[in-house]
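Single-structure report; data block below.
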Amino acid sequence: MAIKITEECINCGACEPECPNKAIQAHNETYVINPNACSECVGFFDHLACQAVCPVEVCVTDPDRVETEDVLINRSLSLHPDDDELRRKVAANDYPSHFRK
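Each residue of the sequence shown is one higher than the one before, counting from 9 in the numbering used here.
Rendered as structure tokens:
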């Protein structure tokens, strides 16, 4: 599932620098996540980085946008075409993912 930020966001900005895909941006009085750029940190972390730092727990899964690990790792690869380390990890099937916890 893609991650979304709910309306209860306090606009602290803690999540924005944590996103490996730069999918989080300020928008009016809150932050928003571009679902087409969110890979749920698959390939980079074994957890959701935005959720880990949010002080008010408003980075939540979006049940309307269910996505598989394959879809998400392919999104990571397409968003980071020059990341040779990521490509090596994927080729070896040895990349971090919250699906593998």
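Beta carbons: idealized from backbone N, C-alpha and C, even for Gly.
Beta bridge counterpart(s) of residue i as assigned by DSSP
i     : result
VAL68 : LYS12
GLN33 : VAL40
Rounded C-alpha distance that separates residue i from residue j
i     : j      : result
PHE52 : VAL64  : 23 Å
ALA31 : ASP102 : 24 Å
ASN44 : LEU56  : 16 Å
CYS46 : GLU75  : 11 Å
ALA34 : VAL40  : 6 Å
VAL66 : CYS20  : 11 Å
ASN42 : ALA100 : 29 Å
Beta-carbon proximity of residue i to residue j, cut-off 9 Å
i     : j     : result
GLN59 : ILE11 : yes
GLU77 : VAL50 : yes
Chain-order list of residues whose beta-carbon lies under 7 Å from that of residue i (same chain, five-residue window excluded)
i     : result
CYS62 : ALA22, CYS23
Beta-carbon proximity list for residue i, same chain, < 6 Å, skipping 5 on both sides
i     : result
LYS97 : TYR103
Beta-carbon separation (whole angstroms), residue i vs residue j, contact threshold 8 Å
i     : j      : result
ASP54 : ARG108 : 7 Å
Beta-carbon proximity list for residue i, same chain, < 8 Å, skipping 5 on both sides
i     : result
GLU16 : VAL64, VAL66
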